[in-house]
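Going left to right, the sequence shown walks through residues -19 to -1, 1 to 423 as mature numbering (1 follows the signal peptide of the UniProt record, and there is no 0) numbers them. Virtual Cβ for every residue (Gly too), placed ideally from N, Cα, C.
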Amino acid sequence: MKKWISISLSLLVGFFAQAQLPKHVVLITIDGFRPDFYKDAGWGMVNLRWMKENGAYAEGVNSVFPSVTYPNHTSLITGVRPGKHGVYNNTPFEENGQTGKWFFYYDSIKVPTLFDAVKKAGKTSANVIWPVSVNAPIDYNIPDMWEVGVKDRRALMKRICSPVTLWDEVVANATGQLNWQDFTMEGNELILDENVARMAAYLIKTYKPTFTTLHLPCVDHFEHEEGRDGLMVRKAVSGADRALGTIIESLKRAGIFDSTAIIITGDHGFIDVNTTFSPNVLLAQAGLFHTMKDWKARFHSSLGSTFLYLKDTSDKETLNSVVSILKKLPAAQQKMFRILDRDKLNAVNTNTYAVLALAATPGIIIDDATSGQVVRPAKGGTHGQFPDTKEIQTGFVAYGVGISKGGYVKEMGVIDVAPIIAKLLGLSFEQVEGKVPPGIIK
């Protein structure tokens, strides 16, 4: 009898342990998300602070390098760094000059993602403008994409959504008729975040996906314009919090709030800038760069960093010339960046094509200009710096089923988010560089 009681208790313990895992996970990124948004009540993120106080959070989250949007969003869903997943910048390096291409397409990713794992497990997924998601294996997919010089992206979105009827469906049932301004960032408007949240909320209420992703870009947009603080930055932060509220409401209306875990994180923090540094001008002055089709060496910017490419990757003479040019700059200019050689890039598993990188110091933005002044004034904000720059840390808050109430992590990485989600959903997801930090999951 005692033996059967023991077995029964073991089964019950196992059942309730299993019951602690959520049936649904919603992953929300706020582009340019910073820990002070939830640590400082003055930012007014009431919904987010409520989730923090009743869930788990991190003091800071380290980005991958470069700390820009597309590489970090890809690391969030793969658990690996850019050197492994292949999305090494927002834009691919184009040998004959940049044409405006971005890493929009899912086949740019060289490793499995959470979307693959969800599909393999026979579960469903939904997405609203997650980067690098065109043609992704997502059941209800509104990808992130635009065309160079075209402000109105409604026709494009209608073509790339999956299923093909999805754009018309969400417009009819979630947002109402959209003008072109309603799905872009124009002037001092925050309507894009609002409509992204409405679309995601509709997908949640209608289809109850196992895994939902959405990306809110407005905070980043205004931090670029105003820096870390400003009127529109504060409005955008409040707007993002309202979007969180919309998602919470949708989960409750769908009847799945009590079986869902919500994760709010970001891709990078932000740094105020005062100076632009243009290293390609130095290459032009030294005769190493003439035109986009005639060059020996060229830098490709990631805002707070830049990566050096050689026309001939075995051209050690040109590489040494570039290093010599940089080391002979006036002391004030040398303080604007750190040189990261290939060994240092390998150590952080990033961009396998570049021969070296420059990581800007706080206050500096690096551009791709090939003529004009090497140094000139700048304003606003940027990111892209090496992840050891404190201001570039992003944030993390988790709430709901399976999440430890009062959980706290001093420091984690964006590569840790995918393992957290995989564990919450019971997905088979191996070969990741990240890990589940203790204190997040019950």
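Query raised in the report: What are the partner residues of F377, as DSSP defines its beta bridges?
Result: A39, T246
**Report entry** Same chain, Cβ closer than 6 Å to L300, five either side skipped, listed in chain order
**Finding:** V336
Report task. Report the residue from Y380, A350, P368, V395 whose alpha carbon sits nearest the alpha carbon of Q79. Result -> A350
Query - Which listed residue (D17, L29, S56, L264) has its alpha carbon closest to that of V395 - result: S56
Report task. Pick out the complete alpha helix (DSSP H) segments inside the region 232 to 310, 4 residues or longer, and give them in chain order. Result -> 260 to 266, 297 to 308
Query raised in the report: Who pairs with T10 in a beta bridge, going by DSSP?
Result: H196, T246
Query raised in the report: Would H66 be called buried (16 or more neighbouring beta carbons within 10 Å of its own) or exposed?
Result: buried
Report task. In the DSSP assignment, find the beta strand (DSSP E) that holds N122 and state where it starts and stops. Result -> 121 to 123
**Report entry** Nearest neighbour of A221, chosen from T10, A403, P3, V6 [CA to CA]
**Finding:** T10
Query raised in the report: From A37, H364, M32, G23, pick the residue whose C-alpha is nearest to that of I422; which is it?
Result: A37
Query raised in the report: Per DSSP, what kind of secondary structure is P52 in: helix, strand or coil?
Result: helix
**Report entry** Per DSSP, cross-strand counterpart(s) of T156
**Finding:** Paired residues: none, contrary to the question.
Query raised in the report: Where does the unbroken beta strand (DSSP E) through L339 begin, and where does it stop?
Result: 337 to 341
Report task. Whole angstroms is fine: what's the gap from H196's alpha carbon to A224's? Result -> 11 Å
Requested in this report: Starting from Y19, trace the beta strand (DSSP E) both ways and give me its first and last residue.
Outcome: That residue, Y19, is in no beta strand (DSSP E); its alpha helix (DSSP H) goes 17 to 20.
Query raised in the report: Helix, strand or coil: how does DSSP classify Y87 here?
Result: helix
Query raised in the report: Going straight from the alpha carbon of H364 to that of H281, what length do you get?
Result: 15 Å
Requested in this report: Return the residue from the list A328, L326, V218 that minimises the CA-CA distance to A22.
Outcome: V218
Report task. Compute the beta-carbon to beta-carbon distance between F288 and N332, rounded to the nearest angstrom, for a pair I have assumed lies under 8 Å. Result -> 6 Å
Requested in this report: Could you check if D97 is buried or exposed, using at least 16 other CB atoms within 10 Å of its CB as the buried criterion?
Outcome: buried
Query raised in the report: Between G407, V413, G387, which lies nearest to R30 when the distance is taken from Cα to Cα?
Result: G387
Requested in this report: Assuming K4 contacts Y19 (C-beta within less than 8 Å), just tell me the rounded distance between them.
Outcome: 26 Å between Cβ atoms; not a contact.
Query raised in the report: Helix, strand or coil: how does DSSP classify I229 here?
Result: helix
Query raised in the report: For the beta strand (DSSP E) that A107 lies in, which residues bound it at each end?
Result: 106 to 109
Query raised in the report: Which value, in whole angstroms, describes the spacing of the CA atoms of I237 and A399?
Result: 22 Å
Query raised in the report: Rounded to a whole number of angstroms, what is the C-alpha to C-alpha distance between A242 and D397?
Result: 16 Å
Query raised in the report: Which two residues bound the contiguous beta strand (DSSP E) that contains Y389?
Result: 388 to 390
Query raised in the report: From this set, I347, R209, V45, which residue's C-alpha is nearest V329's C-alpha?
Result: V45
Query raised in the report: Got a sec, what are the start and stop residues for the alpha helix (DSSP H) V92 sits in?
Result: Segment: none, V92 is in no alpha helix (DSSP H) and carries neither H nor E.
Report task. Taking N71 and G226 to be in contact with their CB atoms under 8 Å, please state how far apart those CB atoms are, rounded to whole angstroms. Result -> In fact, because the Cβ distance is near 29 Å, the residues do not count as touching under 8 Å.
Query raised in the report: Rounded C-beta distance between G362 and F251? I'm assuming under 8 Å.
Result: 5 Å
Report task. Using beta-carbon positions only, say whether V42 and T246 come within less than 8 Å of one another. Result -> yes
Query raised in the report: Got a sec? Which residues, its chain only, sit under 8 Å from I229 by beta carbon, not counting five neighbours each side?
Result: N28, F238, I243
Query raised in the report: Mapping DSSP to helix, strand and coil, what is F74?
Result: coil
Report task. Kindly indicate which residue of T256, P93, F85, V355 has the alpha-carbon position closest to the one of E414. Result -> P93
Requested in this report: Taking R135 as part of the alpha helix (DSSP H), name the residues at either end of that continuous run.
Outcome: 135 to 141
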